[in-house]
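The sequence shown runs 1383 to 2540 under our numbering.
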Amino acid sequence: MKNEPLILQELSVKKMPGLPHGLEKYTGFKPNLNIVAGPNASGKSSTAVLIQKMIWQRETDGISAFGRFLLGKDNWTIRVDGTSVRSERNGVPAALPDLPPPESYHRYIFALHQLVMADEQDAAKHIARLTVGGYDLESACQQLEYKDEIKRKTSAEFKAFRETREKVRRVSQQQLSLKKEEEKLTGLQQQLEQSKKADKLRTLFEKLIDFLHADYAYASSKRVFETYPAVLEKFTGEETERISGLDKEIAEAESKILDAKRVKETSQRILDDLTIPASGIDQAMLDTLANHVGKGEDLEREIRNNRRLQEEAEARMMRALADVDPDMDTGAWKGLQLQHIQQLDRFLRDAHAVYSQKQFLETEIRLLEQDLETDLFPEKVKLQDAIKILSSWLEENQSRKPVPIAWLIAAGILAFLNIPLTVYAGWWGLAGIAVIASMLAYALLIHKRQHTGLREKDYEKTGVDLPEAWTVDKVAEHFNRLTDSLQQVAWHEKLHQQISLRSTELESLTPRLEKLEQQRRLLADVIGTVPGLALENLKNETSLAYFVEKVKLWQEAHTAFHILKTQGEGMQQDLENILQVIHQTCEPYHNNRVDSVSGAKALVRNLEEQEQKRKNAVQELSRQQGRMDEYARLIEIKSRQRWDVYQKLDIAVDDRDTLNQLSGNLDAYRKARKDFREKELLMVEKRESVKRHALFGEYGEAIFDLDMDEANEKLSDYAHEAGMVESLHQEISGIETRIGHTMQGEELESSLSEEERALDGLQGLYEKNLSSVTGSIVAKFIRKETEEMNRPEVFHRANRLFGKVTHGRYSLRMHDRDNVAFFAYDHAMDSSLMLNELSTGTRIQLLLAVRLAFIESMEQGVSLPLLVDELLANSDDVRAEAIMDALTGISREGRQVFYFTAQADEVHKWTSFLEDQSNVSHKVFYLRGQANEETIESRSAPDLSALRMELLQVPDPAQMTHGEYGRRLVVTPFRLLTDTAEQLHLWYLVEDTGLLYHCLQRNITRWGQLAQFMKGGGIIAGMDAERQNFFEHQVDILNYFLELYRIGRARPIDRDVLEQSDAVSETFIDTVTDKLYEHGRDPAKLIDSLRSGEIARFRQHTTDALEAYLTEEGYLDDREPLVLEEIRIRLQAYVSGKKPDEAEAWAFLERTLGGDVS
């Protein structure tokens, strides 16, 4: 039955060793292939280790994570919280079934160095045992020492025989030479004893001389030390600065008190100047007054509007009356009947239209008659003949060449055609004649005059005025005048025609005018007495309708006026009532009469302002009194601390001279004290060293009475005598050794025995060779017989996998003649190849197949994910494609594969390869690398890629502001109660985005890293000693703030802390952990809930033990927390006078504590 694959779908890492802040959540893992990419220390290896630890549920200390899996149709979840691991199937607690043994977890990790270098001996031996039915022939041969080789003269046994025989000969010769050396031994031993004692005396006096030197230095140092006053022993060096700081804080507090007093005096003066009672005015009364004022303002606006409307109505009445007759009695107008106004309107429109048309026609006729000129012009025919003759004359006299006949014909035709145009088009026609005249004039100027006399006579016959002279210029000028006259004649003809037309239209209006007069008389009878209407002019013609209209307007205005007047009187009375109420309410605070809304509004506004001033003043008095009390307490505290400093030093209070003198001598005193103590210790040590000497008893304490010269003299004598010890000792030792061996008489006997044993060894070697060769022959026969029989399924599986990933080119073979190993059979080349003869890509494919087959032999029902680490590193395209093809083939079989890499080119190779693999689901995950990952122990060779000193790819700030860059980096917030300054992200510390960028490129993200890097002599562009000092001072300020802030405040804990306390048993650990997280991991709240009995059966003494542990470990602090104002005052004193200045320090703290990335 095929194993079900265990598919990881989702992984959430809250924290684990090396990743205190965890990793971003993994979602959407694919069933086939998942590529996890990121720089070194970004969490890749930690992710791989976590997957294995979650599956086998082992070694989970310090881990908090959650995983979601799919096994068949069941949904599995695994939750890790320290040593507690919970696994559930479809929401019900259960354990993952059929897992391989935990010892085999490392076989699911595929690393390049393992596949390239490993020989897979374990897997090969396992398959070899299965091949022969479970028997390990190789191990059996090794245990029985069956071999096919015979040990000959080079064997150890034969070599031992030769050595023992030579030893027997050498010992016999040595015994003869030792007898001559016995006589010298006694004298040499006496000389040696004397030299040894002299050597000991030499060391005694060397120690004495060392003591004398140390004693002299001690006495000199003591004299210097005793010149300083004893009080300096209590002086730490911080007293002067401490006194100055306390004085400054006291002075600042006193100044703050004076400021508060001045503010109080100002507030009191404000209260004294108010006219309202000291207890103030009820806000409800002020609201009521404001409401009355608002109503009064509304009434005033309505009254003003009413008056305006009255005035408008009265004005309309007067206008209507004025338009008819200002002196007319309007009494009868009030009952005048106007039911027939529609008939009057129609009559008015008809009369107006007819009479308007009559006036228009009469006016137009009058204007046309005025346009007629009284000047007399020649007859039109004569003018046309004269113009024609002059045109011919000009044509004949203006050119040597005859004017083309076509020109003359065209000009004549145009002139003739232009005559009607002039009559009907007016000036446009005259303009056309002018153009024609100009053309002819030009033609005549270039034409030679011919027949001029004939033309002049013909012109005189027309009777038209003659030109001034018969020259071209004069004739042309006269020609133009004639054309103008011709146009005037045509214009007069047109005017006569229009006058005749309008006269006809005017006569047609007479019947309509007579009909209108009849209608007027009928309307006058119906309406009543109205002004007379006449048809002489338009105004009289419409006077009846005009009169009726004005009466109607007067009636409407008269009615509206009286209604508005009544309304206005009522509103005025309401306003006076409201003002009376306001006056009565405000009378206790105001003596003047309230007679207007504006006055009432001003009065209410004044009362509101005074009440607000009173409230502000009272609040300010209370606030300033509080500040004075607070600063008075601070002065008392600081004064007591100041007195303590002087009391500790036994100095009169304010004796700054003595204090400064002590401070000035402190460094010299400390140096003298250190030197004195060092010299004293050295002297005592040297004295004790002399006393501990073995020969000190011969001299006793009297030896310390010797001076330096006497000690040096004795040392010189004993040193000369002691110089013979070594040579005497060596000579005596050599003689005694040789004599001892000879006297014992055992070496020769021993040598003979060894020779006998060597002969027995040769006999045993013969028998062993015989057994080994025989056993080897039998084992070879069994191996040969079973080599092709009973091949195990695991080997066939490896062979099928190998053939599949190599597309059928290779098959797997195995032999175990000498050492169990694999080799490949190349079907294309028809040859067998050992591992070292294969290409790297093919070798990796073979070992992948063998490893996977070995894994499948261990699995019983569940296929676990493979974790692959940078198999494509330094691969060419062919090898890389072979590896990728093998892994995708494995994933197609149903097993989930995770590929981890820090190389961008590997990701590119994968994505390019997977574009053509439509049947392989895959996804790429990128890690940012914000957490520091610890090294994972492994028995395999270390991955040296982690030591590459390459610059990381981090976002370039370019033109981004500091805040924008922080958002781009996704900076983690700083935790006040748990984080240390070393964990502070550099964005909070470094405002120069360029310097920050250079740090991040080196994977230096935290202050602790940067400090260690600079301490080790590291160099970063933009970083110098001044900036480093600046950052160190900022970190000092942060540490001081954290020290103050954490006083009396509990630090968050987690399940690990509860387990380490040993106060919470396994029975309660889950319940207590849940309760802890309900309270936001606050241990103080957890203790309170336990004491209040929120967890049943949890005993009081257990709560006490847990509280004691948390207090001892620093998670609980029973001190009173400092208020923020006290922290601010202390910080201000700490920062004052330092670099960075106060503004820079506050900006840094606000940015850090607030986590402000903006």
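Cβ coordinates follow ideal geometry from the N, Cα and C atoms, glycine included.
Computed from a prediction, not measured in an experiment: that's the story for all the values here.
Among Asp2361, Asp2374, Thr2354, Val2353, which has the Cα closest to the Cα of Ala2340?
For the options Asp2361, Asp2374, Thr2354, Val2353, the alpha carbon positioned closest to that of Ala2340 is the one of Asp2374.
What number of angstroms, rounded off, separates the C-alpha of Ala2323 from the C-alpha of Val2306?
With a pLDDT of 37 at Ala2323, under the threshold of 50, the modelled position of this residue cannot be trusted; read the value that follows with caution. Rounded to whole angstroms, Ala2323 to Val2306 spans 27 angstroms at the Cα level.
Can you round the beta-carbon distance between Phe1593 and Lys2068 to whole angstroms, since I take them to be within the 8 angstroms contact cut?
Between Phe1593 and Lys2068 a beta carbon distance of about 4 angstroms is seen, short of the 8 angstroms cut, so the two are scored as contacting.
Opposite His2367 in the DSSP bridges: which residues?
Arg2388
Within 10 angstroms of the Cβ of Leu2248, are there 16 or more other Cβ atoms? Answer buried if so, exposed if not.
buried
For Met2106, which option in Gln1576, His1940, Arg1461 has the closest C-alpha, if you only look at C-alpha atoms?
Per the Cα distances, Gln1576.
Would you list the residues sitting across from Asp2251 in a DSSP beta bridge?
BP columns for Asp2251 point to Ala1493, Phe2282.
Local Cβ density within 10 Å of His1488, reported as buried at 16 or more and exposed below that:
exposed
How long is the line joining the alpha carbons of Thr1853 and Gly1835, rounded to whole angstroms?
The C-alpha of Thr1853 lies about 12 angstroms from the C-alpha of Gly1835.
Note down, in chain order, each residue of its chain lying with its Cβ closer than 6 angstroms to the Cβ of Asp1767, except the 5 sequence neighbours on either side.
Thr1844
My understanding is that Thr1657 touches Gln1992, with C-beta atoms under 8 angstroms, so please give their C-beta distance in whole angstroms.
7 angstroms
Considering only the alpha carbon of each residue, which of Arg1605, Ala1580, Gly1425 lies closest to Lys2061?
Arg1605
Exposed or buried, Phe2530, counting other C-beta atoms within 10 Å across all chains shown (16 or more means buried)?
Its Cβ being crowded by 16 or more others within 10 Å, Phe2530 is buried.
Three-state secondary structure (DSSP) at Asp1641?
helix
List the whole-angstrom C-beta distance separating Asp1456 from Gln2242, where the pair is believed to meet the contact cut-off of C-beta under 8 angstroms.
At roughly 17 angstroms, the Cβ-Cβ gap does not stay under 8 angstroms, so Asp1456 and Gln2242 are not in contact.
As a quick exercise: from Gly1678, Val2160, Glu1777, Glu2018, pick the residue whose alpha carbon is nearest that of Gln1954.
Considering only alpha carbons, the answer is Gly1678.
Residue of Phe1617, Val2027, Tyr1971 minimising C-alpha distance to Tyr2051
Phe1617
In chain order, which alpha helix (DSSP H) runs of at least 4 residues are fully inside the segment 1829-1858?
1834-1843
Thinking Asp2444 and Arg2463 are a contact (beta carbons under 8 angstroms), I'd like their distance in whole angstroms, please.
19 angstroms between Cβ atoms; not a contact.
Helix, strand or coil at Val1912 [DSSP, three-state]:
For Val1912, the predicted model reports a pLDDT of 41, less than 50, meaning its position is unreliable and no value from the coordinates is stated.
Who are the near neighbours of Val1645 in its chain, counting only those whose CB is closer than 8 angstroms to its CB and skipping five residues on each side?
Glu2002, Gln2006
For Lys1397, three-class secondary structure by DSSP:
Strand, per DSSP.
Looking at the unbroken alpha helix (DSSP H) that takes in Ala1596, where does it start and where does it end?
Counted as a single uninterrupted DSSP element, the alpha helix (DSSP H) harbouring Ala1596 occupies residues 1567-1607.
For Arg1686 and Glu1696, what's the separation of their Cα atoms in angstroms?
15 angstroms
Find the nearest neighbour of Tyr2308 within the set Glu2288, His1874, Glu1608, judged by alpha-carbon distance.
Glu2288
Please classify Thr1459: does DSSP put it in a helix, a strand, or coil?
strand
Could you tell me the alpha carbon to alpha carbon distance between Gly1410 and Glu1392, rounded to whole angstroms?
6 angstroms
For Ala2478, which of helix, strand or coil comes out of DSSP?
coil
Reduced DSSP secondary structure (H/G/I, E/B, other) of Ala2340
Note: Ala2340 maps to coil in three-state DSSP.
Contact check, His2304 vs Leu1452 under 8 angstroms by CB: the rounded distance?
So it is not a contact: roughly 17 angstroms between Cβ atoms.
If you drop the 5 nearest sequence neighbours on each side, which residues of the same chain put their C-beta closer than 8 angstroms to that of Asp1629?
Arg2024
Near Thr2343, what residues of its chain come up, given a Cβ to Cβ distance below 7 angstroms and the 5 sequence neighbours on each side ignored?
none
When the Cα atoms are used, what is the spatial distance from Ser2471 to Asp2438?
19 angstroms
To the nearest whole angstrom, what separates the beta carbons of Gly2223 and Val2279, a pair I think is in contact under 8 angstroms?
Not quite, the Cβ-Cβ distance comes to about 18 angstroms (not below 8 angstroms), so this is no contact.
In chain order, what residues of the same chain lie with their CB nearer than 7 angstroms to the CB of Glu1859, ignoring the 5 residues before and after it?
Answer for Glu1859: no residue qualifies.
Among residues of its own chain, excluding the 5 on either side of Ala1580, which ones have a beta-carbon nearer than 6 angstroms to its beta-carbon?
Tyr2100, Glu2103, Ala2104
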